[in-house]
Amino acid sequence: MCAPEASGNQADEGGRLDEGQEGRSRVFSADLHTRPYLNTTGLRTQSTMESAICTLVTQFKAFAGKDGSASTLSKDEFEKLLASQLPNYAKNYSSPAAVEQLMGSLDENNDGELTFSEFWQLLGKLASQQGGFGQ
Numbered sequence: 001m002c003a004p005e006a007s008g009n010q011a012d013e014g015g016r017l018d019e020g021q022e023g024r025s026r027v028f029s030a031d032l033h034t035r036p037y038l039n040t041t042g043l044r045t046q047s048t049m050e051s052a053i054c055t056l057v058t059q060f061k062a063f064a065g066k067d068g069s070a071s072t073l074s075k076d077e078f079e080k081l082l083a084s085q086l087p088n089y090a091k092n093y094s095s096p097a098a099v100e101q102l103m104g105s106l107d108e109n110n111d112g113e114l115t116f117s118e119f120w121q122l123l124g125k126l127a128s129q130q131g132g133f134g135q
């Protein structure tokens, strides 16, 4: 779902896709304010936030699994992700001891690895700081 998908379907005003050539109908929730739209090439495009979520998931997966489980970050993988993908936001965590302390504060089950949900806590804190929101 992170890449634009080709579609022969057309969206109506309510955000629903008609059956089109594929013979199946999909309905998108108006409550979530998700509304499919087709660009000039007929590809469904992602919103800015959908694209951002895909980037976060893709980057997590790119760093996870090199030292063990493909669905978690080891300390070394976490350290490399911080240095590579969050160098300006995480510059206070450049030493191994600081990374270990940060990881320990996020690792809810104390297994020495971070799941995506545990990693997401850091992203939420960084986004809150960036936006000037209270914690």
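Numbering (the UniProt record's numbering), first residue to last: 1 to 135. Beta carbons: idealized from backbone N, C-alpha and C, even for Gly. Treat the numbers as computed from the prediction; the structure is a model and nothing was measured.
Does any CB atom of chain B fall closer than 8 Å to the CB of GLY131?
Here there is only one protein chain, and chain B is not present.
Measuring CA to CA, which of ASN92, PRO96, LYS91 and TYR89 is closest to GLU77?
Taking the sequence shown and counting its residues from 1, one reaches residue 77 at position 77. Nearest of ASN92, PRO96, LYS91 and TYR89 to GLU77, Cα basis: PRO96.
Using DSSP with H/G/I as helix, E/B as strand and the rest coil, what is HIS33?
Walking along the sequence shown from the start, residue 33 turns up at place 33. Residue placement at HIS33 cannot be trusted, given a pLDDT of 47 that sits under 50; what the coordinates show is reported in the next sentence. Assignment of HIS33 by DSSP, reduced to helix, strand and coil, places it in the coil class.
Nearest-angstrom Cβ-Cβ length linking LYS75 and GLU100, presumed shorter than 8 Å
Here residue 75 refers to the residue found at position 75 when the sequence shown is read from its first residue. Here residue 100 refers to the residue found at position 100 when the sequence shown is read from its first residue. Correct: roughly 7 Å between the Cβ atoms.
Minimum C-alpha distance to THR112 - residue among TRP120, GLN121 and LEU102
By one-based count along the sequence shown, residue 112 stands at place 112. In the sequence as displayed, the identity of residue 112 is Gly instead of Thr. Of the residues TRP120, GLN121 and LEU102, the one whose Cα lies closest to the Cα of GLY112 is LEU102.
Per DSSP, the bridge partner or partners of THR72:
As a position in the sequence shown, residue 72 is number 72, starting the count at 1. Under DSSP, THR72 takes part in a beta bridge, and its partners are THR115.
Would you tell me roughly how many angstroms separate the C-alpha atoms of SER128 and GLY68, rounded to the nearest one?
Locating residue 128 in the sequence shown gives position 128, counting from the first residue. Locating residue 68 in the sequence shown gives position 68, counting from the first residue. Rounded to whole angstroms, SER128 and GLY68 show a C-alpha spacing of 31 Å.
Counted within 10 angstroms of its Cβ, other Cβ atoms place ALA64 as buried (16 or more) or exposed
Translated into positions along the sequence shown, residue 64 becomes position 64. ALA64 comes out buried.
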